[in-house]
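Working notes, structure below.
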Amino acid sequence: MTMDEARQRGWNEIDVVFITGDAYIDHPSFATAILGRVLEACGFRVGIVAQPDWHTCEPWKTFGRPRLFFAVSAGNMDSMINHYTANKKVRNDDAYSPGGRVGLRPDRATLAYCQRAREAHKGVPIIAGGVEASLRRLAHYDYWSDTVRRSILLDSKADLVAFGMGESTIVEIARRLAAGENVHDLRDMPGIAYALGAGESKRLRESNDSCRSPRAIDNRQSAFPPHGRGCVQTTPSETCSKPIGSRSADDGSCVVLPSFEEAKSDKYAFAEATRLIHLETNPYNARRLVQFHGDQAVVCNPPRLPESRAAMDFFYDLPYTRKAHPTYKEPIPAFQVIKDSVTIMRGCFGGCTYCSITTHQGRIIQSRSKDSIVREVAVMGRSKDFKGVVSDLGGPTANMYEMRCVRPEIEAICRRLSCVHPRICPLLGTDHSPLIEVMRETRRQKGIRKVFVASGVRMDLARLSPEYMRELAEHHVGGHLKVAQEHTDPTTLEMMKRPEPGTFVDFDRKFRAASKAASKEQYLVPYFISAHPGSDIRSMIDLALFLKRNGYRPEQVQDFIPAPFDVAACMFHTGLDPFTKKPVFVAKHLRDRKLQRALMQFFKPENYFMVRKILLDAGRKDLIGDGCDALIPTHPPREALEARQRQAQRLASDGDSSTNSPDEDHYHSPRRTPGLGYRPKRPTARRK
Numbered sequence: 269m270t271m272d273e274a275r276q277r278g279w280n281e282i283d284v285v286f287i288t289g290d291a292y293i294d295h296p297s298f299a300t301a302i303l304g305r306v307l308e309a310c311g312f313r314v315g316i317v318a319q320p321d322w323h324t325c326e327p328w329k330t331f332g333r334p335r336l337f338f339a340v341s342a343g344n345m346d347s348m349i350n351h352y353t354a355n356k357k358v359r360n361d362d363a364y365s366p367g368g369r370v371g372l373r374p375d376r377a378t379l380a381y382c383q384r385a386r387e388a389h390k391g392v393p394i395i396a397g398g399v400e401a402s403l404r405r406l407a408h409y410d411y412w413s414d415t416v417r418r419s420i421l422l423d424s425k426a427d428l429v430a431f432g433m434g435e436s437t438i439v440e441i442a443r444r445l446a447a448g449e450n451v452h453d454l455r456d457m458p459g460i461a462y463a464l465g466a467g468e469s470k471r472l473r474e475s476n477d478s479c480r481s482p483r484a485i486d487n488r489q490s491a492f493p494p495h496g497r498g499c500v501q502t503t504p505s506e507t508c509s510k511p512i513g514s515r516s517a518d519d520g521s522c523v524v525l526p527s528f529e530e531a532k533s534d535k536y537a538f539a540e541a542t543r544l545i546h547l548e549t550n551p552y553n554a555r556r557l558v559q560f561h562g563d564q565a566v567v568c569n570p571p572r573l574p575e576s577r578a579a580m581d582f583f584y585d586l587p588y589t590r591k592a593h594p595t596y597k598e599p600i601p602a603f604q605v606i607k608d609s610v611t612i613m614r615g616c617f618g619g620c621t622y623c624s625i626t627t628h629q630g631r632i633i634q635s636r637s638k639d640s641i642v643r644e645v646a647v648m649g650r651s652k653d654f655k656g657v658v659s660d661l662g663g664p665t666a667n668m669y670e671m672r673c674v675r676p677e678i679e680a681i682c683r684r685l686s687c688v689h690p691r692i693c694p695l696l697g698t699d700h701s702p703l704i705e706v707m708r709e710t711r712r713q714k715g716i717r718k719v720f721v722a723s724g725v726r727m728d729l730a731r732l733s734p735e736y737m738r739e740l741a742e743h744h745v746g747g748h749l750k751v752a753q754e755h756t757d758p759t760t761l762e763m764m765k766r767p768e769p770g771t772f773v774d775f776d777r778k779f780r781a782a783s784k785a786a787s788k789e790q791y792l793v794p795y796f797i798s799a800h801p802g803s804d805i806r807s808m809i810d811l812a813l814f815l816k817r818n819g820y821r822p823e824q825v826q827d828f829i830p831a832p833f834d835v836a837a838c839m840f841h842t843g844l845d846p847f848t849k850k851p852v853f854v855a856k857h858l859r860d861r862k863l864q865r866a867l868m869q870f871f872k873p874e875n876y877f878m879v880r881k882i883l884l885d886a887g888r889k890d891l892i893g894d895g896c897d898a899l900i901p902t903h904p905p906r907e908a909l910e911a912r913q914r915q916a917q918r919l920a921s922d923g924d925s926s927t928n929s930p931d932e933d934h935y936h937s938p939r940r941t942p943g944l945g946y947r948p949k950r951p952t953a954r955r956k
């Protein structure tokens, strides 16, 4: 992290400088760590500038001029989601910063970081990556400005965006630049997006021959063994100078998306662009995407092929310290959560419309070998700081390990967005045996007392394996098991691409039976989302009834946040299902979103009056009273009256609204004058 540390290793210059919005933690759950370790293992010298002060370019000069390029990332999260809640309120903490402090990275961090890198060292290639850059590589809906923004390539002035998981991509970039190629030569790489100049874009408009699919790199054949500093040896499978001739029936073609201007002004065009983008996510048959922004074209190559097991083992077997950098004196909250976790796979074929995992990591599951996983657990068991408990054995989901299409020739042409919705594909291998073996072997290791499964369990898959259910309930649950039910309304679940409501009921029954057989009292903790497209007040009342009947009282509610690039974000912005173009109900106004949240927490006294008004407006007076299904009592509890009184006092004294008020304002509301209410010139001091 400093040039002094580099000199201690005998380095007098740095090849690749990472700029990241997260604190630096040398753990494979953090992108900077795993990418840096992979580059180092391949012979490159890596410097890391973590959470730099973006008000000046001086931190970008920490290591002098990078020999190869800057690698820029906003961090493990989109910086706007990191900074703001679903209600657009500033968050009180940042889990990826020392002490959870806020303000250590800017809004839209990728833009600021790329611009400072250009200012610090002109002419050095800038490669943007990470979740923020990946999800904003084309025109996208930005929830916080409520606008369609253009590709991050144009706003950041980055030379390339490397999207998806980046180990293979960043190594190839480093090798080719070290061999003397320039950044324009890298445009043939899969997993890369780039912007053309005005002249190139004009020629592209005029020539269909320019829309050629780039060659796919079969990186499954190489696990990047170290070859020495700056080594640029490549195998034939790693070159991509020529377009291939038989990728698919429409090989050699590209897909021209509705332009940025069309997507910005026409919601139907935006929905169509979303549909086309998501149909081109299978790396085996995806075509190059082209989207014009004025007189410039943004080109997005197909994704890289999934990593092989050998490559995955190589990535995760590197010598991570599993510690935060010693310069940090305060704990980093995100690290405290995952420091004793073990990643066994990546990717997700669920295709949930509100989730970015499939978009970023891919829908094809990439698994580590059992031996690699066991080695990592064994090393943890020998550590003096380890307490004997593996906090999580999983990944994006807990039970998709080694699951994949059993017909590779079908997988190569399939454009289905989800392998499990509306029903589980008959060609999907759902055998839990490899995962069960991993679970058993890890808990046998010396120094291991307990191995928990904290990642969300995919219920529709788990219930197909009674043996997995028994193993899970008997050995890997600490009293509560997290499951993502998300909703109970069939229409909303269809919009989410989630299993039907009966799936949860069946899984709950089987899990309780497995827990009873293991002589344990264990419970499910279902997650739910409020205000997702398709969810209206009627469906939220039904969800509240479900919670009441089953004794669930969620203390934390997940409010839907339209993340860039997600299908659900398109629904939120356009009010259309991008695949059918049918209208979708959207709770878009802040008041409507807060009403849905209040219904999920109907039991909280501070929500009493809000819930009462919702029920009366919906004609559900029968849910007010003392009956079995009543959500709230007839008379407000004392706590509800006190909460309303406190809110009124705050409004009268300083104009601040309660955090539970349905009229709560956005973080960018105008400053209020204390004692004068919401609008200073109103004749009364209280808001209506």
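To convert a position in the sequence shown, counted from 1, into my numbering, add 268.
Beta carbons are placed, not taken as given, at the ideal position from N, Cα and C, and that holds for glycine.
In or out: Ala824 buried (at least 16 other Cβ within 10 Å) or exposed?
For the purposes of this step, residue 824 is taken as residue 556 along the sequence shown, with counting starting at 1. Here residue 824 is Gln; the residue named in the question, Ala, does not match the sequence. With fewer than 16 Cβ atoms within 10 Å of its Cβ, Gln824 is classed as exposed.
Buried or exposed for Leu919, going by 16 or more other Cβ atoms inside 10 Å?
Here residue 919 corresponds to residue number 651 of the sequence shown, with the count starting at 1. Leu919 is buried by the Cβ-count criterion.
Close Cβ partners of Asp581 (< 6 angstroms) along its chain, the five nearest in sequence each way excluded:
Mapped onto the sequence shown, residue 581 falls at position 313. Result list for Asp581: Arg636, Ser637, Ser640, in chain order.
Given a cut-off of 7 angstroms on the beta-carbon distance, is the pair Asp660 and Ser723 in contact?
On the sequence shown, residue 660 is found 392 positions in, with the first residue counted as 1. On the sequence shown, residue 723 is found 455 positions in, with the first residue counted as 1. Yes, the pair counts as a contact, with Cβ atoms nearer than the cut-off.
Who are Thr964's beta bridge partners in DSSP?
Past the boundaries of the shown model lies residue 964; the chain is included only from 269 to 956, so the question cannot be answered.
Coarse secondary structure for Ile606, derived from DSSP in three states
For the purposes of this step, residue 606 is taken as the residue at position 338 of the sequence shown. Three-state DSSP puts Ile606 in a helix.
Please classify Ala447 as buried or exposed, where buried requires at least 16 other C-beta atoms within 10 Å of its C-beta.
In the sequence shown, residue 447 corresponds to position 179, counting from 1. Classification for Ala447: exposed.
Could you compute how far the alpha carbon of Tyr411 sits from the alpha carbon of Lys329?
As a first step, residue 411 must be located in the sequence shown, where it is residue number 143. As a first step, residue 329 must be located in the sequence shown, where it is residue number 61. C-alpha separation (whole angstroms): 34 angstroms.
Alpha-carbon spacing of Leu421 relative to Ile716, whole angstroms:
Sequence index remark: in the sequence shown, residue 421 carries index 153 (1-based). Sequence index remark: in the sequence shown, residue 716 carries index 448 (1-based). Straight across, the Cα-Cα distance linking Leu421 with Ile716 is about 46 angstroms.
Cβ shell of Thr902 (< 8 angstroms), same chain only, five flanking positions each side left out
Translated into positions along the sequence shown, residue 902 becomes position 634. Counting only Cβ-Cβ distances below 8 angstroms, and skipping sequence neighbours, we find Ile892, Gly893, Asp894.
Output the boundary residues of the beta strand (DSSP E) element that contains Phe853.
Counting from one through the sequence shown, the residue named residue 853 turns up at place 585. Taken as a continuous stretch (DSSP letters only), Phe853 belongs to no beta strand (DSSP E), as it is neither H nor E.
Does DSSP put Cys682 in a helix, in a strand, or in coil?
Here residue 682 refers to the residue found at position 414 of the sequence shown. It is coil, neither helix nor strand.
Nonlocal neighbours in the same chain, by C-beta distance under 6 angstroms from Pro393, ignoring five residues either side:
Against the sequence shown, residue 393 aligns to sequence position 125. Phe337, Asp427, Val451, listed in sequence order.
From Ser651 to Ala301, what distance separates their C-alpha atoms?
Counting from one through the sequence shown, the residue named residue 651 turns up at place 383. Counting from one through the sequence shown, the residue named residue 301 turns up at place 33. Using only the alpha carbons, I get a separation of about 20 angstroms.
Could you pull out every residue in the same chain whose Cβ sits closer than 6 angstroms to the Cβ of His700, ignoring the five residues on either side in sequence?
The count along the sequence shown starts at 1 and reaches residue 700 at position 432. Residues of the same chain with a CB within less than 6 angstroms of the CB of His700, apart from the 5 flanking positions on each side, are Ser733, Tyr736 in chain order.
Which residue comes first and which comes last in the alpha helix (DSSP H) that contains Phe779?
Here residue 779 refers to the residue found at position 511 of the sequence shown. Note, Phe779: alpha helix (DSSP H), 769–785.
From this set, Tyr552, Glu548, Phe583, which residue's C-alpha is nearest Gly434's C-alpha?
The residue labelled residue 434 in the question sits at position 166 within the sequence shown. The shortest C-alpha separation from Gly434 is found at Phe583.
When the Cα atoms are used, what is the spatial distance from Cys325 to Val285?
In the sequence shown, the residue the question calls residue 325 occupies position 57. In the sequence shown, the residue the question calls residue 285 occupies position 17. So the alpha carbons of these two residues sit roughly 14 angstroms apart.
So who's on the other strand from Thr415, going by DSSP bridges?
Translated into positions along the sequence shown, residue 415 becomes position 147. Per DSSP, the beta-bridge partners of Thr415 are Asp410.
Are the beta-carbon atoms belonging to Asp1018 and Pro767 less than 7 angstroms from one another?
No answer is possible for residue 1018: it lies beyond the span of the chain, which begins at 269 and ends at 956.
CB of Val226 within 7 angstroms of CB of Lys750, strictly:
There is simply no residue 226 to check, as the chain begins at 269 and stops at 956 in what is shown.
If we count the other Cβ atoms within 10 Å of its Cβ and call it buried at 16 or more, is Ile678 buried or exposed?
One-based indexing of the sequence shown puts residue 678 at position 410. Result: exposed.
Which same chain residues end up closer than 8 angstroms to Pro1008 when comparing Cβ atoms and leaving out the 5 residues on each side of it in sequence?
Lying before the first or after the last residue shown, residue 1008 is absent from the chain, which here runs from 269 to 956.
Tell me the DSSP bridge mates of Pro794?
Here residue 794 refers to the residue found at position 526 of the sequence shown. DSSP, once it has assigned bridges, lists Val751 as partnering Pro794.
7 angstroms CB neighbourhood of Ser478 in its chain, flanking five on each side removed:
One-based indexing of the sequence shown puts residue 478 at position 210. Caution is warranted here: a pLDDT of 45 is assigned to Ser478, below 50, making its placement in the model unreliable, and no coordinate value can be reported.
Output the distance between the C-alpha atoms of Ser803 and Gln864, rounded to the nearest integer angstrom.
Along the sequence shown, read from residue 1 onward, the residue named residue 803 stands at position 535. Along the sequence shown, read from residue 1 onward, the residue named residue 864 stands at position 596. Between Ser803 and Gln864, the C-alpha separation is close to 9 angstroms.
Straight-line gap, His295 to Arg386 (C-alpha atoms, nearest Å):
Residue numbering aside, residue 295 sits at position 27 when the sequence shown is read from its first letter. Residue numbering aside, residue 386 sits at position 118 when the sequence shown is read from its first letter. Distance between the alpha carbons of His295 and Arg386 is about 29 angstroms.
Measuring straight from C-alpha to C-alpha, what distance separates Arg443 and Arg455?
On the sequence shown, residue 443 is found 175 positions in, with the first residue counted as 1. On the sequence shown, residue 455 is found 187 positions in, with the first residue counted as 1. Their backbone Cα atoms lie some 14 angstroms apart in a straight line.
Starting from the Cα of Thr595, find the closest Cα among Gln826, Pro366, Glu281 and give me that residue.
Counting from 1 along the sequence shown, the entry for residue 595 is found at position 327. Closest by alpha carbon: Pro366.
First through last residue of the alpha helix (DSSP H) which encompasses Thr437
Translated into the one-based positions of the sequence shown, residue 437 becomes position 169. Start and end: 435–446.
Could you give the distance in angstroms between the alpha-carbon of Glu474 and the alpha-carbon of Thr621?
One-based indexing of the sequence shown puts residue 474 at position 206. One-based indexing of the sequence shown puts residue 621 at position 353. Straight-line Cα distance between these residues: approximately 36 angstroms.
Are the beta-carbon atoms belonging to Ile287 and Val340 less than 7 angstroms from one another?
Within the sequence shown, the letter at position 19 stands for residue 287. Within the sequence shown, the letter at position 72 stands for residue 340. Contact flag set, yes.
My understanding is that Ile316 touches Gly304, with C-beta atoms under 8 angstroms, so please give their C-beta distance in whole angstroms.
Translated into positions along the sequence shown, residue 316 becomes position 48. Translated into positions along the sequence shown, residue 304 becomes position 36. Confirmed, Cβ separation roughly 6 angstroms.
Look at the Cβ atom of Thr760, then the Cβ atom of Ala539, and state whether they are nearer than 7 angstroms.
As a working mapping, residue 760 is identified with position 492 in the sequence shown. As a working mapping, residue 539 is identified with position 271 in the sequence shown. In this structure, Ala539 does not lie closer than 7 angstroms to Thr760 by Cβ.
Per DSSP, which one or two residues make a beta bridge with Met613?
Taking the first residue of the sequence shown as position 1, residue 613 is located at position 345. In DSSP, Met613 forms a bridge with Ser635.
Let me know the secondary structure DSSP gives Pro504 once reduced to three states.
As a working note, residue 504 is residue 236 in the sequence shown. At Pro504 the pLDDT is 28, less than 50, meaning the model places this residue with poor confidence; the figure from the coordinates comes in the next sentence. Helix at Pro504.
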